[in-house]
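Each residue of the sequence shown is one higher than the one before, counting from 1 in full-length UniProt numbering.
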Amino acid sequence: MGEENLNPRDAYRVMLRDYPDVLNIDQMCEVLSVSTKTGYALLKKGSVQHLKVGRSYRIPKAHLLTYLIGFAPGHAVRA
């Protein structure tokens with residue numbers, strides 16, 4: 001099986017297609033396989049861009065994909 005290079009538009013269409021365009025904290029944590037506590041820490045640290053609506057966090061799928069692509073080989077990861 002060859003490695004495919006997805007451009008951002010294709011990645012958005014293919015990856016996480018079972019999730020809505022805007023995720024809540026529980027959905028984000030499910031995608032990342034992290035605890036809710038770790039998910040909140042990622043948001044507060046600014047690692048994943050998000051919106052805060054009232055007391056709720058909303059994470060656009062595009063921002064989550066940007067975070068995930070940062071861990072792809074050949075990309076620098078912010079500390």
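C-beta: ideal position from N, C-alpha, C; glycine also.
Report all residues from its chain with a CB closer than 8 Å to the CB of residue i; omit the five preceding and five following residues, and keep chain order.
i: Ala11; result: Leu65 and Ile69
i: Val34; result: Leu42
Alpha helix (DSSP H) containing residue i: first to last residue?
i: Val53; result: Run containing Val53: none in the alpha helix (DSSP H); it sits in the beta strand (DSSP E), Leu51 to Val53.
i: Tyr67; result: Lys61 to Ile69
i: Gly39; result: Thr36 to Lys45
i: Leu32; result: Ile25 to Leu32
In chain order, what residues of the same chain have a beta carbon less than 7 Å from the beta carbon of residue i, not counting five sequence neighbours either side?
i: His50; result: Leu43, Tyr57, Arg58, Ile59 and His63
i: Arg17; result: none
Do residue j and residue i have their beta-carbon atoms positioned less than 8 Å apart in this structure?
i: Gln27; j: Tyr19; result: yes
Between the options, which has its C-alpha nearest residue i's C-alpha?
i: Ser47; options: Arg55, Arg17 and Thr38; result: Thr38
i: Val53; options: Val31, Ile25 and Leu32; result: Ile25
Return the chain-ordered list of same chain residues with a C-beta closer than 6 Å to the C-beta of residue i, the five sequence neighbours on each side being excluded.
i: Glu30; result: none
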